[in-house]
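Asker: This is the structure I have questions about; it appears just below.
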Amino acid sequence: MHARTLLPLSLTDREAMSPLQILTLILGFFIVAADGFDIASVGYIAPLLLKAWNLSPAQLGPIFGAGLFGLCAGSFLFGPLADRVGRKRVILISLVLFALGSLACASAPSAPWLIFLRFATGLGLGGALPAMVTLASEFSPQRNKSLVVTLMLIGMPFGLALGGLVAAQLIPSFGWKGVFLFGGLFPLCLVPVALFWLPESLKFMTGKPRFAAEAKKVMLRLSNNDDVRLESLVHQFNTVDSSHQSEAGKTPASILFSAYYRVGTLLLWLTFFGTLWVYYQLSSWLPTVITQTGIDVPRAAIMAMMVPLGGVFGAVLNAFLMDRFNPFLILTGSYIIAAVSIALIGFSIHEVMWVYVTTFLAGFGLIGAQAGITVTSSNFYNTAARATGVSWCLAVGRIGSILGAMTGGLLLASIHSVGVAFVIFAVPTIIAGGAMFMIGRLYPNRAR
Numbered sequence: 015m016h017a018r019t020l021l022p023l024s025l026t027d028r029e030a031m032s033p034l035q036i037l038t039l040i041l042g043f044f045i046v047a048a049d050g051f052d053i054a055s056v057g058y059i060a061p062l063l064l065k066a067w068n069l070s071p072a073q074l075g076p077i078f079g080a081g082l083f084g085l086c087a088g089s090f091l092f093g094p095l096a097d098r099v100g101r102k103r104v105i106l107i108s109l110v111l112f113a114l115g116s117l118a119c120a121s122a123p124s125a126p127w128l129i130f131l132r133f134a135t136g137l138g139l140g141g142a143l144p145a146m147v148t149l150a151s152e153f154s155p156q157r158n159k160s161l162v163v164t165l166m167l168i169g170m171p172f173g174l175a176l177g178g179l180v181a182a183q184l185i186p187s188f189g190w191k192g193v194f195l196f197g198g199l200f201p202l203c204l205v206p207v208a209l210f211w212l213p214e215s216l217k218f219m220t221g222k223p224r225f226a227a228e229a230k231k232v233m234l235r236l237s238n239n240d241d242v243r244l245e246s247l248v249h250q251f252n253t254v255d256s257s258h259q260s261e262a263g264k265t266p267a268s269i270l271f272s273a274y275y276r277v278g279t280l281l282l283w284l285t286f287f288g289t290l291w292v293y294y295q296l297s298s299w300l301p302t303v304i305t306q307t308g309i310d311v312p313r314a315a316i317m318a319m320m321v322p323l324g325g326v327f328g329a330v331l332n333a334f335l336m337d338r339f340n341p342f343l344i345l346t347g348s349y350i351i352a353a354v355s356i357a358l359i360g361f362s363i364h365e366v367m368w369v370y371v372t373t374f375l376a377g378f379g380l381i382g383a384q385a386g387i388t389v390t391s392s393n394f395y396n397t398a399a400r401a402t403g404v405s406w407c408l409a410v411g412r413i414g415s416i417l418g419a420m421t422g423g424l425l426l427a428s429i430h431s432v433g434v435a436f437v438i439f440a441v442p443t444i445i446a447g448g449a450m451f452m453i454g455r456l457y458p459n460r461a462r
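My numbering numbers the first residue of the sequence shown as 15 and each following residue consecutively.
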């Protein structure tokens, strides 16, 4: 019997997704959900920490900020590592790190210890998401890659919502420590599942002799045939990345700033920075602005919830359109919707129905665009620098999120008109949309 040459792209692009592709998507969903749960956990237990340790609200700031700084550092650290040792290995390392970090948070004896442990937990969180996005992108069918990866990313708002449900059940019996314990046990349970069932990226393993046996096992799981040959891998994936063969042998970081990618990298960073700046500014301060109009806290929370709810619809619709049309133009349009809607929130703040509409549309455009640019960044870079590219984009975005959460209150305090303040809130969104439009003009061959 002659060995049959199976092309890996034909395996991932078959009409029906293989069980391995579906399994990768499901595991990715829960890994991202664990990420979302941990991000939300501190917010739910903050009032309990105030009482337990006699903290002032200002002293909570470093506890919140430590996790964000850890996320940023983890994204910068683990991106190049994922391009060096593999996506799956970094996912496993990250899961273990943020699981142990969260479990340790449950035993924190004081606020300084919790700050340190939240930073350590954030390091793990910063590595898991970009590595999983990269892996899912490389295992998704080309024809609907944006939609598949976006469906996985919806695990994030699922995890955020799960945090509220779990906190409501655990806090009465176990206090604030119970939330951290669950936040650690959840990813820890995912470790053995990911270890045995999550595949490594075929694109990453291409041309690396030390991964030849593992690559063959993945090909077998995709094809259910044991007569496959791997000789076609190098040629096929090199053909896909043929627009930048001169990058061969360079480090991932140097590829990001090579002549071909340099401008695109900076524009992507600007897009992520502006997007997360506005998102954290909006999510941190919108409930406060709404309650200042006389609306009670529970109703204000429901209004603010329209932002992530709209984001789910926006992310799915954007992904559907990005698989069929120029993704850069789709995302530019999404930013325009976000900018107009955010600006209108301030002028409609005393009209309840219009607040519901504008906050929903703001999330539709802004969070929809955030999910879209995450997918786009994974498509933008070649295999050798993909994980670093996604990770560093998210790291720069985390810097924007830190500044957004810090500057919102200052802006509202210095500008007495809420309408004008929200117009200014929308400015980074316009800049992000402009950067995305420029990427589409400068890199038209990266649209698909």
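Backbone N, C-alpha and C fix where the C-beta goes; we use that ideal spot for every residue, glycine too. None of these values were measured; they are calculated from a predicted model.
Can you tell me whether Leu-21 is buried or exposed? The criterion is at least 16 other CB atoms within 10 Å of its CB, across all chains shown.
Answerer: For Leu-21, the pLDDT reaches just 46, beneath the cut-off of 50, and the residue's location in the model is therefore unreliable, although a value from the coordinates is still provided. When all chains shown are included, Leu-21 counts as exposed.
Asker: How many whole angstroms separate the CB atoms of Gly-324 and Phe-378, which I take to be in contact at a CB cut-off of 8 Å?
Answerer: 4 Å
Asker: Quick one: measure Cβ to Cβ for Phe-83 and Gln-295, integer angstroms, because I've assumed they're closer than 8 Å.
Answerer: Not quite, the Cβ-Cβ distance comes to about 18 Å (not below 8 Å), so this is no contact.
Asker: Please classify Glu-365 as buried or exposed, where buried requires at least 16 other C-beta atoms within 10 Å of its C-beta.
Answerer: exposed
Asker: If you follow the alpha helix (DSSP H) that Phe-225 is in, where does it begin and where does it stop?
Answerer: No alpha helix (DSSP H) contains Phe-225, which DSSP labels as neither H nor E.
Asker: Below 8 Å, can you find three or more Cβ-Cβ pairs linking the region 438-458 to the region 114-131?
Answerer: They do not touch, by the three-pair rule.
Asker: Straight-line CA distance for Leu-149 to Phe-342?
Answerer: 22 Å
Asker: Express the C-alpha separation of Met-367 and Gln-156 in angstroms, rounding to a whole number.
Answerer: 41 Å
Asker: Return the CA-CA distance between Gly-418 and Gly-75, expressed in angstroms with no decimal places.
Answerer: 14 Å
Asker: List the whole-angstrom C-beta distance separating Ala-120 from Lys-65, where the pair is believed to meet the contact cut-off of C-beta under 8 Å.
Answerer: Ala-120 to Lys-65, Cβ: 17 Å. No contact.
Asker: What is the DSSP secondary structure of Met-31, reduced to helix, strand or coil?
Answerer: If DSSP states are grouped into helix, strand and coil, Met-31 belongs with coil.
Asker: For Leu-34, count neighbouring Cβ atoms within 10 angstroms of its own Cβ and tell me buried if that reaches 16, exposed if not.
Answerer: buried
Asker: So, are the CB atoms of Pro-442 and Trp-291 less than 8 Å apart?
Answerer: yes
Asker: Please confirm whether Phe-51 and Leu-176 have their CB atoms less than 8 Å apart.
Answerer: yes
Asker: Going by Cα to Cα distance, which pick from Thr-307, Ser-55, Ser-108 and Lys-102 is closest to Leu-212?
Answerer: Lys-102
Asker: I'd like the span of the alpha helix (DSSP H) that includes Gln-384, first residue to last.
Answerer: Judged by DSSP secondary structure, Gln-384 falls within the alpha helix (DSSP H) whose first and last residues are 366-394.
Asker: What residue from Leu-199, Gly-42 and Ser-124 has the CA that sits closest to Trp-67's CA?
Answerer: Ser-124
Asker: Here's the rule I'm using: 16 or more other beta-carbon atoms within 10 Å means buried, otherwise exposed. How should Val-162 be labelled?
Answerer: So Val-162 ends up on the buried side.
Asker: Would you mind stating whether Ser-392 and Gly-93 have Cβ atoms separated by less than 8 Å?
Answerer: no
Asker: Assuming Pro-144 and Leu-408 form a contact by the criterion Cβ under 8 Å, report the distance between their Cβ atoms to the nearest whole angstrom.
Answerer: 5 Å
Asker: Do Ile-359 and Ala-376 count as a contact pair if the criterion is CB distance below 8 Å?
Answerer: Annotated as proximal: Ala-376 and Ile-359, with beta-carbon spacing under 8 Å.
Asker: Within 8 Å of any Cβ in chain B, is that where the Cβ of Gly-79 sits?
Answerer: No chain B appears in the structure shown, which is made up of a single protein chain.
Asker: Under the assumption that Lys-217 contacts Thr-390 (Cβ atoms under 8 Å), give the Cβ distance between them as a whole number of angstroms.
Answerer: Actually they do not touch by this definition, with Cβ atoms about 17 Å apart.
Asker: Tell me which residues share the same chain as Ile-413 and place their Cβ nearer than 7 Å to its Cβ, disregarding the 5 neighbours each side in the sequence.
Answerer: Cys-86 and Phe-287
Asker: Just curious, the alpha helix (DSSP H) that Leu-212 is in, first and last residue?
Answerer: For Leu-212, no alpha helix (DSSP H) encloses it, and the DSSP letter there is neither H nor E.
Asker: What do you get for Arg-276, buried or exposed, if any count of 16 or more other CB atoms within 10 angstroms of its CB means buried?
Answerer: exposed
Asker: Once DSSP output is grouped into helix, strand and coil, what is the label at Ala-48?
Answerer: helix
Asker: Counting C-beta neighbours from all protein chains within 10 Å, is the total for Gly-308 16 or more, i.e. buried, or is it exposed?
Answerer: A residue is called buried when at least 16 other Cβ atoms come within 10 angstroms of its Cβ; Gly-308 does not meet this threshold and is exposed.
Asker: Pop quiz: Phe-271 and Thr-265 are said to be a contact at Cβ under 8 Å. What is the actual Cβ separation, rounded to whole angstroms?
Answerer: Contact doesn't hold; Cβ gap of about 10 Å is too wide.
Asker: Determine the extent of the alpha helix (DSSP H) in which Tyr-349 is found, giving its start and end residues.
Answerer: 341-361
Asker: Given a threshold of 16 other Cβ atoms within 10 Å of its Cβ, counted over all protein chains shown, does Ala-55 qualify as buried or as exposed?
Answerer: The residue you asked about is not Ala; residue 55 is Ser in the sequence shown. Within a 10 Å sphere around the beta-carbon of Ser-55 sit 16 or more other beta-carbons, which makes this residue buried.
Asker: My guess is that Leu-131 and Ala-122 are in contact by the Cβ rule of under 8 Å, so how many angstroms apart are they, rounded?
Answerer: About 6 Å; that satisfies the 8 Å criterion.
Asker: Taking Ile-269 as the reference, which of Tyr-395, Ala-96 and Leu-91 has the closest Cα?
Answerer: Tyr-395
Asker: Could you pull out every residue in the same chain whose Cβ sits closer than 6 Å to the Cβ of Ile-59, ignoring the five residues on either side in sequence?
Answerer: Around Ile-59: Trp-190 and Val-193.
Asker: Taking the alpha carbon of Phe-225 as the reference point, which residue from Arg-98, Val-207 and Thr-289 has its own alpha carbon closest?
Answerer: Arg-98
Asker: Once DSSP output is grouped into helix, strand and coil, what is the label at Arg-338?
Answerer: coil
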